[in-house]
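One structure is given here, and the rest of the page talks about it.
Take a look at the structure:
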């Protein structure tokens, strides 16, 4: 065989390997046309340690869809002021820009265990979502 044929075959093989490595290294990306959503799933008493139980710690659990992995979420304590329609006012931010890892421990302050208090996890308001972001489910009752 001619020397040039070996060179061409070598180049084709190298390019094939480079293309394969490049395509396998690409992570699945969320579609910019799909809006991101945040759903607050539950607020449960933290029983992971004696100090958590004594302090009344609670774990807020949430789930996101089409949400950028490096963007945090906000967690708010809200008070229900009306049933028909459901209306809430913000009491305070529990945390802002917390990592989107699906859970956050929170220690309620005095008076933050009444029956009209709820927790909501919301989209980070300092990030520009390409296709928007919305809350999928309503707020979850604190106790």
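Residue numbers (our numbering): 3 to 145.
C-beta: ideal position from N, C-alpha, C; glycine also.
Being a predicted model, the structure only gives us computed values, none of them experimental.
- With fewer than 16 neighbouring CB atoms inside 10 Å of its own CB, residue 107 falls in the exposed class.
- Nearest to residue 135 by C-alpha distance, out of 62, 23, 73, 20, is 73.
- Residue pairing by DSSP places residue 90 opposite 82 in a beta bridge.
- Under the three-state reduction of DSSP, residue 6 is assigned to helix.
- Residue pairing by DSSP places residue 120 opposite 80, 143 in a beta bridge.
- One Cα belongs to residue 5, the other to residue 70, and the distance between them is close to 50 Å.
- The beta-carbon distance between residue 92 and residue 80, rounded to whole angstroms, is 5 Å. This is short enough to meet the 8 Å contact definition.
- A residue is called buried once 16 or more other Cβ atoms fall within 10 Å of its Cβ, and residue 62 is buried on that count.
- For residue 96, no pairing in a beta bridge is given by DSSP.
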